[in-house]
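K.L.:
Questions regarding the structure given below will be posed in turn.
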Ligand code: 5GP
Ligand code: ZN
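In our numbering, the protein residues as written are 262 to 374.
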């Protein structure tokens, strides 16, 4: 079994609330939501961060972003939304399987802090 949390979620070994799925992407609700809608979109294949994914499979990175937009639309975020890909220690990344946060349902402040 993988020791990567998000690989285990994709495999169904760790339960999650799925909101969207394609052949190569998976989206599920964040367990600690920071906004009324807070969904994580991941590639099913393991890549550590957005840089690694960009290098290895840029078409899959595009698929992840397209899935994030599909989630925002299906969640009804017509007033707008925020996509975030925390990367590395300074970026605040805590799970080393690339993921895009889809945040919305309230006005988002900037800068995020
Ligand atoms: P990061 O800090 O790496 O950008 O984001 C990781 C996200 O994963 C956090 O927002 C955190 O709440 C979420 N998370 C951590 N563990 C789990 C889990 O077991 N299930 C779900 N659904 N989300 C998780
Ligand atoms: Zn993984």
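Idealized CB from N, CA, C, for every residue including glycine.
Using a Cβ distance threshold of 8 Å, determine whether the region 353-368 contacts the region 296-304, with at least three qualifying pairs required.
P.N.:
Yes, since at least three Cβ pairs between the region 353-368 and the region 296-304 fall closer than 8 Å, the two stretches touch.
K.L.:
Runs of 3 residues minimum, wholly inside the region 297-321: which ones carry the beta strand (DSSP E) assignment?
P.N.:
You should have 298-304.
K.L.:
Is it a yes or a no for the region 327-343 touching the region 365-374, going by three-plus beta-carbon pairs under 8 Å?
P.N.:
The region 327-343 vs the region 365-374: in contact.
K.L.:
What did DSSP end up calling residue 292 once you bin it into helix, strand or coil?
P.N.:
Taking the chain shown and counting its residues from 1, one reaches residue 292 at position 31. Residue state, collapsed to three classes: coil.
K.L.:
For residue 338, does the three-state DSSP call read helix, strand or coil?
P.N.:
Against the chain shown, residue 338 aligns to sequence position 77. Residue 338 falls in the coil class under three-state DSSP.
K.L.:
With a threshold of 8 Å on Cβ separation, who are the neighbours of residue 309 within its own chain once the five nearest residues in sequence on each side are excluded?
P.N.:
Translated into positions along the chain shown, residue 309 becomes position 48. Taken in chain order, the residues that qualify are 357, 358 and 359.
K.L.:
Evaluate the contact criterion for the region 315-323 versus the region 266-277: three or more CB pairs, one atom per stretch, below 8 Å.
P.N.:
Contact between the region 315-323 and the region 266-277 is absent, because fewer than three Cβ pairs lie under 8 Å.
K.L.:
In the DSSP assignment, the alpha helix (DSSP H) including residue 269 goes from what residue to what residue?
P.N.:
Along the chain shown, read from residue 1 onward, the residue named residue 269 stands at position 8. Looking at the DSSP string, the run of the alpha helix (DSSP H) that includes residue 269 is 266-272.
K.L.:
If distances are taken between C-alpha atoms only, which option among 354, 298, 283 and 292 comes closest to residue 323?
P.N.:
Walking along the chain shown from the start, residue 323 turns up at place 62. The candidate whose alpha carbon is nearest that of residue 323 is 283.
K.L.:
Hey, which residues come within less than 7 Å of ligand 2, measuring from Cβ to any heavy atom, in chain order?
P.N.:
Going by the Cβ distance cut-off, the answer is 263, 265, 267, 268, 307 and 358.
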